[in-house]
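In UniProt numbering, the protein residues as written are 1 to 755.
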């Protein structure tokens, strides 16, 4: 064992010097070879430490190199970043050997993606899977994402893949390791090319370049120094005339320059005038006007190892880190990830009188005492949430059906619209409609009965009354005894007995009590889910016990209500649209389509997303749903902390935009503590999203077990896995028959109900 250990140390000591050497940049000008060696000796035996100096004045050039006895010491140094030498923070990276300086795919400091964390893998055998790649590359660092590119027709992979790490150092280490093989067969590993560079190189291949592209081309220049400066060291761009190149030489220069460093000396390049056409000033780069590149003829894709496959993959660059800083050619700094959509500022309206700011799409009633909870306690999320109340009230002379809706918006409006739009259910002349706008919920529940008692005509031919449980039906019948003779149908979109309140003392006894009284007066009670029905009946005795004394017989009341109750699902309409196939490397798109209220528990979702971002995982998030004058503070925090990940934020201005966002999603998430059906979740599933819901409320009734989670940790684990491998969830099929919730299936139930 002793001999084996000694042999292992000896082998590592014989490791190539480039595996044992680091570059140290940004060092102080007072730092010496000795102080540099002293600092890094903490992590291993230092063989050599040198501060690079200007030969003309013997002053430090601000960088140096440290060589260790063992490559493990380099790993230890990199794990201990950041380093401070002589009181100054320095940057450490693995040095690149001179022999690789012209061909390396390691990022350069003057390159837009200096901290690149993605590699391209070519020549992949067909029997190699994601797990094989993860097992192999985990030896170099923490792998955050693996995407093997598959042919959508044959199902076979296309022989190449992309691997993301959480840091640039594992990428450097992978690329410095000369030979890679999996399952005994060699594979080709290169630095992945970003979308921006693909665009620029395509411009070079087209033979025309100008403006920013010309600046980019100039930035590919470098020093011909022979000091072993790594690819990470800034080098001045070339100035003046560049020699014209043949097609073969051009490919070689781009291969060495665009993806690493230029050739050591431009004088070594064979000059050719065959492609210049005798043009004056051939080969000069203009920083302003576009010009043809006689010195860069059209480049064959084969001239760039791994580049052809990357172009064919349609890869759109996406970061693995939380907020990678990108420096553009003008020197500006952007913290938005490449490929991430630009987040438009939310349109706001300022109320002059109060100075309050309303998020676009929210409704303001001009009252500061109306909280969001007051406004939304009895509405369901869904595609009609922006509908609001219009001038739709109508009362034909011969109407036999009376529809009353005190909260005409969201799913309340959606159901009525569905019923009225089908003449086989309700003819336009067969129903009278009386509504109130969907705001000031607590006032609607308390006062709507008196309003409607005066609004509904005294003379009528009504035979059936249909109303939601927001209406205090008991009060209305007391005020209008003539309506008591009708067949009264009470529809429960939700019930107030189990509405989650942060403190029990905050629960308003009257809201639930009114619903119990309305049930006793109604002839037929319809719940939109079995959970809605059972939770109401389960909590009813407990609610009545809140009375201090002289309580009614809860058991009798419960039995009476159960006997006249039934469940008819809410009819969900799906806007079918062909989903565009996504590239395997496109980030996971998460949809959250709920009201911005505490009962939907947005805090849990955002805390999970914060942790995913901090773990270096990449995703996109779209937050839909209705917002209000006062929203939970977590929304402001999330918008700031997740700004680099946001695709859409806020209320969809119309149905078209709503469905557009849903169709672009991969996963739709619920964290709700208050849900009786979940229109928005089913709409998202219909649009192609995979649902992940808590194993509570109505969700076990609607969704299969594979879509449910029991703990926040399970939610986080699922999302993390899908962030790393988006294709896993994109290929999943939901074992859910949406036809069970379609209007075509439910139509006859509603006909029988209203007839």
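Note that the Cβ used here is the ideal one computed from N, Cα and C, for glycine as well.
All figures in this text were calculated on a predicted structure; none of them were measured in a lab.
Beta-carbon proximity check, residue 535 vs residue 474, cutoff 9 Å: no
Continuous alpha helix (DSSP H) stretch holding residue 580: start and end: Premise fails: residue 580 is in no alpha helix (DSSP H) and is neither H nor E.
Cβ-based burial, residue 691 [other Cβ within 10 Å; buried from 16]: buried
Within 9 Å, strictly: CB atoms of residue 405 and residue 416: yes
Residue 164, DSSP secondary structure in three states: strand
Contacting residues, own chain, Cβ-Cβ under 7 Å from residue 476 (five flanking each side not counted): 449, 452, 453 and 483
Same chain, Cβ closer than 6 Å to residue 188, neighbours up to 5 away in sequence not counted: If we look at residue 188 and ignore the five residues flanking it on each side, its Cβ neighbours are 122 and 123.
7 Å CB neighbourhood of residue 567 in its chain, flanking five on each side removed: 527, 529, 530 and 533
The ligand SAM heavy atom lying under 8 Å from the CB of residue 96: No copy of the ligand SAM appears in this structure; indeed no ligand is present at all.
Classification of residue 612 by the beta-carbon crowding that lies within 10 angstroms, buried from 16 upward: Only buried fits residue 612, as 16 or more other CB atoms lie within 10 angstroms of its CB.
Start and end residues, beta strand (DSSP E) containing residue 408: For residue 408, the enclosing beta strand (DSSP E) covers residues 401–408.
Bridge-paired residues (DSSP) for residue 566: 526
Short Cβ contact (9 Å threshold) for residue 141 with residue 166: yes
Cα-Cα separation, residue 460 to residue 674: Computed Cα separation, rounded: 39 Å.
Inter-residue CB distance, residue 525 and residue 540 (contact presumed, cutoff 8 Å): With 8 Å as the limit, residue 525 and residue 540 do not qualify as a contact, their Cβ atoms being about 12 Å apart.
Residue(s) in a DSSP beta bridge with residue 188: The partner list for residue 188 (beta bridge, DSSP) reads 122.
Cα-Cα separation, residue 627 to residue 595: 6 Å
Backbone CA spacing between residue 710 and residue 668 [nearest angstrom]: 16 Å
Proximity of residue 168 and residue 93 at Cβ, strictly below 9 Å: yes
Selection from 64, 60 and 43 that minimises the alpha carbon distance to residue 49: Per the C-alpha coordinates, the member of 64, 60 and 43 positioned closest to residue 49 is 64.
Local conformation of residue 648 per DSSP, three classes: strand
Inter-residue spacing [alpha-carbon to alpha-carbon] between residue 686 and residue 23: 54 Å
Residue span of the beta strand (DSSP E) that contains residue 395, given as start and end: From DSSP, residue 395 is part of no beta strand (DSSP E); its letter is neither H nor E.
Cutoff 6 Å; reference residue 67; Cβ partners in own chain excluding five residues on either side: 20, 21, 47 and 48
Residue environment, residue 40, which counts as buried when at least 16 other CB atoms sit within 10 Å: Flag for residue 40 reads buried.
Inter-residue CB distance, residue 650 and residue 623 (contact presumed, cutoff 8 Å): With 8 Å as the limit, residue 650 and residue 623 qualify as a contact, their Cβ atoms being about 7 Å apart.
Member of 78, 700, 186 and 745 whose CA lies at the smallest distance from the CA of residue 804: Residue coverage of the chain in this structure runs from 1 to 755, which leaves residue 804 outside it and unanswerable.
Ranges of the beta strand (DSSP E) found wholly within the segment 454–510, counting only runs of at least 3: 464–468 and 487–492
Collapsed DSSP secondary structure at residue 664 in the structure displayed: helix
Sub-9 Å separation of residue 619 and residue 641 beta-carbons: Result no, Cβ atoms of residue 619 and residue 641 do not sit closer than 9 Å.
Residues near residue 581 in its chain [Cβ-Cβ closer than 7 Å; skip 5 each side]: 152
Rounded separation between residue 314 and residue 392 - CA only: Below a pLDDT of 50, predicted positions are generally treated as unreliable, and residue 314, at 40, falls in that range; no measurement from the model is reported.
Residue nearest to residue 625 in terms of C-alpha spacing, selected from 684, 721 and 481: 684
Under 9 Å between C-beta atoms of residue 76 and residue 44: In contact: residue 76 and residue 44 (Cβ atoms closer than 9 Å).
Rounded straight-line distance, which links the Cα of residue 749 to that of residue 574: 19 Å
Residue burial classification, residue 547 (beta-carbon count within 10 angstroms, cutoff 16): exposed
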